[in-house]
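Here is the structure we will look at, set down as structure tokens.
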Amino acid sequence: MEADSKPKKSGARLCCVCNQNRAALKRPKTLEQICRECFFAVFEEEIHQVILENQLFKPGERIAIGASGGKDSTVLAYVLSELNRRHNYGLDLFLLSVDEGITGYRDDSLETVKRNELQYGLPLKIVSYKDLYGWTMDEIVKMIGLKNNCTFCGVFRRQALDRGAALLKVDKVATGHNADDIAETVLLNILRGDIASFNSEFINIRFSLWLMLGCQNLNKFSTYAYFKKLDYFSTECIYSPNAYRGFAREFIKDLERIRPRAILDIIKSGEDFRISTTTKMPEQGTCERCGYISSQKWCKACVLLEGLNRGLPKLGIGRNQGLNSDGKKDRKRDSRTPSIESKQCGSLEF
Amino acid sequence: MACNSSTCNSSGCYKGYEEEEQPKPNTKAAVNGGNSCQNLCVKCKVNEPVCCGIGGENSRFCKDCFKNNLYGKFKQAVTYNAMITPPDKVLVAFSGGPSSRVVLQFVHEMQYKAQKNYDANKDKSLPVFGVGVAFIDESSTHSFTSQHIEKAIEDIRLIVSNLAPPSKELFVVPVESIFSSDGIDGKERLKELLDAVSDVTGKEDLLIHLRILLLQKIASENGYTRIVLGSCTSRIACHVISATVKGQGYSLSADIQYVDSRWEIPVVLPLRDCPAQELNTLCSLDGSLKIVELLNGPCSGINGLVSSFVKVLQEENPSRECTIVRTAGKLTPFHFNRVPEIHDSNVPSATRRHQKRYTLKPNGSLSSDSFCPICNSPLKKSNFPSSLRSHGSQQNPDLFASACSSCQFQILPKDPSLMEEFLSLLPQQMITKAKHGDQGNFSLLR
Chain A
1 MEADSKPKKS GARLCCVCNQ NRAALKRPKT LEQICRECFF AVFEEEIHQV
51 ILENQLFKPG ERIAIGASGG KDSTVLAYVL SELNRRHNYG LDLFLLSVDE
101 GITGYRDDSL ETVKRNELQY GLPLKIVSYK DLYGWTMDEI VKMIGLKNNC
151 TFCGVFRRQA LDRGAALLKV DKVATGHNAD DIAETVLLNI LRGDIASFNS
201 EFINIRFSLW LMLGCQNLNK FSTYAYFKKL DYFSTECIYS PNAYRGFARE
251 FIKDLERIRP RAILDIIKSG EDFRISTTTK MPEQGTCERC GYISSQKWCK
301 ACVLLEGLNR GLPKLGIGRN QGLNSDGKKD RKRDSRTPSI ESKQCGSLEF
Chain B
1 MACNSSTCNS SGCYKGYEEE EQPKPNTKAA VNGGNSCQNL CVKCKVNEPV
51 CCGIGGENSR FCKDCFKNNL YGKFKQAVTY NAMITPPDKV LVAFSGGPSS
101 RVVLQFVHEM QYKAQKNYDA NKDKSLPVFG VGVAFIDESS THSFTSQHIE
151 KAIEDIRLIV SNLAPPSKEL FVVPVESIFS SDGIDGKERL KELLDAVSDV
201 TGKEDLLIHL RILLLQKIAS ENGYTRIVLG SCTSRIACHV ISATVKGQGY
251 SLSADIQYVD SRWEIPVVLP LRDCPAQELN TLCSLDGSLK IVELLNGPCS
301 GINGLVSSFV KVLQEENPSR ECTIVRTAGK LTPFHFNRVP EIHDSNVPSA
351 TRRHQKRYTL KPNGSLSSDS FCPICNSPLK KSNFPSSLRS HGSQQNPDLF
401 ASACSSCQFQ ILPKDPSLME EFLSLLPQQM ITKAKHGDQG NFSLLR
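If you're matching them up, the sequences are chains A and B in order.
When the letters of the first sequence are read in order and numbered with full-length UniProt numbering, they come out as residues 1 to 350.
When the letters of the second sequence are read in order and numbered with full-length UniProt numbering, they come out as residues 1 to 446.
Laid out in structure tokens, this is it:
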């Protein structure tokens, strides 16, 4: 209709899919001009296909959606509940949020999640750092300062999500990682010299649904959320500035500007890397202290927590310090082999 | 002449060392001052250190030890991978920049030593390997004055003629001569071909592919058995990132090894362990290592973005480039990433032992026998439509449908109707290779 009203304008191109409405955006993947309605349909259909192809869900499963209140997880919650209804996945969906205890950031975003709970009719569970570990991020930052605080937050969040999932008795956790996040992780792993995590992270992604939105571009998420007028929270974490990750993010933004498909190409590269089977992989065990999965004697969260409680916050950060190597000096690999959950801020986060 | 200050980096510093006398009083003063460890080369503990290398220990080598250290890395790469053996004739690709200048110097020194040994040896059983130098003149793709180019070529001739004995053959070849066998005006054709590629990065990469193809041509026409490239750690680190960005994760590990024998003439990279920064320092310290002002313009597109990204990272952490190369080095190489087996009895047993030790296990990589006709990167099985092979197609468009996804995107035209025209512009050598690639190249390797 709008196209009819101003047909002379060059901007009033028609959607390449339906040829009826005016195109509203250009898809980064194919560079096609499509209209809003077709974009919704295509976007949802692509996610549906990813779910089917990778057999992400089985009927009757209980699924927790990692919800931060940001656009990615809000879109995920919306699309998943929509698809569940439309295609009869037969899933029990829950929202799972982690409260890091960051005043002025997480408390606001949790309000958004609480509104989403009502809007989509999904039960919400919030697990807080305060309850699990006895520390809020505000308290941690007060103690250790703005440097390295993302290490604590990342390690704790990963575990908090798992513990929340256990409380909800869900079978799987779905997170809203998008293509940009994964491309960034691929790059950071190369820069960091972390070949082991190519395997473990990609296996992880495959088997714990992390890639479920990996086929989508970051822009699409904001576009989708924007057009659908979804209720989401968009503020950067107040403690997050991290130069190193910032470089990579900036680089990816620049790349996308000159070649949109570069992001998907990076992911493709990450999947195609010829990883030798003899590359040493961390073994999965359990933490002697809390029973959580760990490649070390103690899991990273326990090491960090012990450091906080003993007033030695540097414990567990860096290479040579740490409880694990304190105990047995000859177990040198403790501090060297990175475990899945001992990533610094650069690893996939929630 | 305050050369012992650890931040001094000007090229004027080496002058102090040419005049033998000058540094001595300084050194003595330092010893008397009690902080001798601070002011002596960590290696020889005799000479004053100069600021070299990438921080840490490296920063306190003296000029000679610094050079020896770099030469050691080069020599180790050469011997461990059996890159150069006595019966070989090696062609050094020389651009005039610091990396290729250093590699040329090192190859020359190695040859010089071999020659001395040969002269001293009575039975003359081990021949001395031959060295040639190839300079690819890419001026037709840039806008330089002919004066500038003539001057550069003159400088190169001088450099090469100074590296004797043993004397070295120099080939100055314009890049458009890749079309010479087609019997047409190469300059025009090259321009047409490059204009047909719309992507900036694609254009740049195509030029790189043409360059290596031309080096192959020069080497094979003149009986060379190895091509030596001066690719340094920094260059390889950039390649790792840009290949990742272009979606070439699978073939990446083929490009970054010491040896690459998927070509008719194996290509070797002896400076793989030397960062550009160290090579630049060596060139500025050693007055005899004259470099020729680069004829190549700066990178643009993806490649330019990647190199500035790596540069930023390198500033933040001086060993970042090495980490990148080390990470990518853990990826499994291909079966062609070693020199082909030597059956010649002239080869010393030590070399053969080395080669055995570093021979890669086949681990199923032999199955990947198909290569992209444009960039010659190995193709992943699943990406290669099997129906195309059984066709035995004579038509070029079909042939190039098997190009890797990266080349299809950035080099080949998207519009199928333009394909025929584009392919007619490609050099005959590339077409022939694409047609016979699978059978021809590989009979050599096995």
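We put the beta carbon where it would ideally sit given N, CA and C, even for glycine.
| query | Looking at the C-beta of B:A328, does it have a partner C-beta in chain A at a distance below 8 angstroms? | reply | Contact with chain A is found for B:A328, since one of that chain's Cβ atoms lies less than 8 angstroms from the residue's Cβ.
| message | Under 8 angstroms: do the segment 77 to 95 of chain A and the segment 140 to 159 of chain A share three or more Cβ pairs, one atom per stretch? | response | no
| query | Who pairs with A:I258 in a beta bridge, going by DSSP? | reply | The partner list for A:I258 (beta bridge, DSSP) is empty, contrary to what the question assumes.
| said: If you measure between the beta carbons of B:V102 and B:L269, is that distance less than 8 angstroms? | reply: no
| task | Could you confirm whether any beta carbon from chain A is found closer than 8 angstroms to the beta carbon of B:F336? | result | no
| query | Along the chain, where does the alpha helix (DSSP H) that runs through B:V42 open and close? | reply | Segment: none, B:V42 is in no alpha helix (DSSP H) and carries neither H nor E.
| request: Report the residue ranges of all beta strand (DSSP E) runs contained in full by the segment 56 to 120 of chain B; include only those spanning at least 3 residues, in chain order. | output: 89 to 93
| query | Going along the chain, which residues of its own chain have a beta-carbon closer than 6 angstroms to the beta-carbon of B:C252, five neighbours each way excluded? | reply | A quick correction: the sequence has Leu, not Cys, at residue 252 of chain B. Excluding positions up to five away in sequence, the list reads A243.
| query | Taking 8 angstroms as the CB-CB cut-off, is B:L412 touching chain A? | reply | Proximity of B:L412 to chain A, defined by a Cβ-Cβ separation below 8 angstroms, is not satisfied.
| said: According to DSSP, B:F171 sits in a beta bridge with which residue or residues? | reply: B:A134
| Nearest-angstrom Cα distance between A:T136 and A:N178? | 27 angstroms
| message | For A:E271, tell me which candidate among B:N280, B:G249, B:K43, B:F309 has the shortest Cα-Cα distance. | response | B:G249
| What residue does the alpha helix (DSSP H) around A:K125 start on, and which one ends it? | Per DSSP, A:K125 is not a residue of any alpha helix (DSSP H); the beta strand (DSSP E) it occupies stretches across 124 to 128.
| message | Let me confirm a value: A:A262 is counted as buried when at least 16 other C-beta atoms fall within 10 Å, else exposed. Which label applies? | response | Buried is the call here.
| task | Output yes or no for whether 8 angstroms exceeds the beta carbon distance between B:V175 and B:L210. | result | In this structure, B:L210 lies closer than 8 angstroms to B:V175 by Cβ.
| task | Would you give the residue range spanned by the beta strand (DSSP E) that A:D92 belongs to? | result | 92 to 99
| request: With DSSP as the reference, label B:Q428 as helix, strand or coil. | output: helix
| query | Whose CA, out of A:I47, A:Q49, A:C18, lies closest to the CA of A:E37? | reply | If we check each option's Cα against that of A:E37, A:C18 comes out closest.
| Buried or exposed: which applies to B:S377, given that a residue is buried once 16 or more other Cβ atoms fall within 10 Å of its Cβ? | buried
| message | Cβ closer than 8 angstroms: which chain B residues qualify as neighbours of A:E117? | response | Result: empty, since nearest Cβ-Cβ is about 40 angstroms, beyond 8 angstroms.
| query | Using the C-alpha atoms, what's the distance from A:Q49 back to A:Q55? | reply | 9 angstroms
| field | Pick from B:V173, B:G223, B:G287, B:K330 that is closest to A:I190, judged by C-alpha positions | value | Checked all of B:V173, B:G223, B:G287, B:K330; the closest Cα to A:I190 is B:K330.
| Cα-Cα separation, B:S100 to B:V172 | 15 angstroms
| Whose Cβ in chain A lies nearer than 9 angstroms to the Cβ of B:R320? | L191
| task | Name, going along the chain, the residues of the segment 230 to 259 of chain B whose beta-carbon falls closer than 8 angstroms to a beta-carbon of chain A. | result | V240, I241, A243, T244, V245, K246, G247, Q248, G249, Y250, L252, S253
| request: State yes or no: is the beta carbon of A:A271 nearer than 8 angstroms to at least one beta carbon in chain B? | output: A quick correction: the sequence has Glu, not Ala, at residue 271 of chain A. Yes - at least one Cβ of chain B is within 8 angstroms of the one on A:E271.
| message | What residue range does the beta strand (DSSP E) around B:R226 cover? | response | 226 to 228
| request: Grab me the residues of B:L126's own chain with a C-beta within less than 6 angstroms of its C-beta, minus the 5 sequence neighbours each way, in chain order. | output: P86
| query | Thinking C-alpha only, which one of B:R262, B:D155, B:A328 is nearest B:C375? | reply | Nearest to B:C375 by alpha-carbon distance, out of B:R262, B:D155, B:A328, is B:R262.
| request: Grab the span of the alpha helix (DSSP H) containing B:R211 for me, first residue to last. | output: 200 to 221
| query | Is there at least one Cβ from chain A nearer than 8 angstroms to B:T359's Cβ? | reply | Because the pLDDT of B:T359 is 48, which lies under 50, any placement of that residue in the model is unreliable, and the number read from its coordinates should be weighed accordingly. Judged by the 8 angstroms Cβ criterion, B:T359 is not in contact with chain A.
| field | Three-state secondary structure (DSSP) of A:K172 | value | strand
| task | Inspect the beta-carbon positions of residue 367 of chain A and A:G176 and report whether they are closer than 8 angstroms. | result | Missing from the structure shown is residue 367 of chain A; chain A here goes from 1 to 350 and no further.
| query | Any beta-carbon of chain B closer than 8 angstroms to the one on A:D254? | reply | yes
| Under a CB-based cut-off of 8 angstroms, is A:V113 close to chain B? | Between A:V113 and chain B, the shortest Cβ-Cβ separation is not below 8 angstroms.
| Nearest-angstrom Cα distance between A:K130 and B:V325? | 42 angstroms
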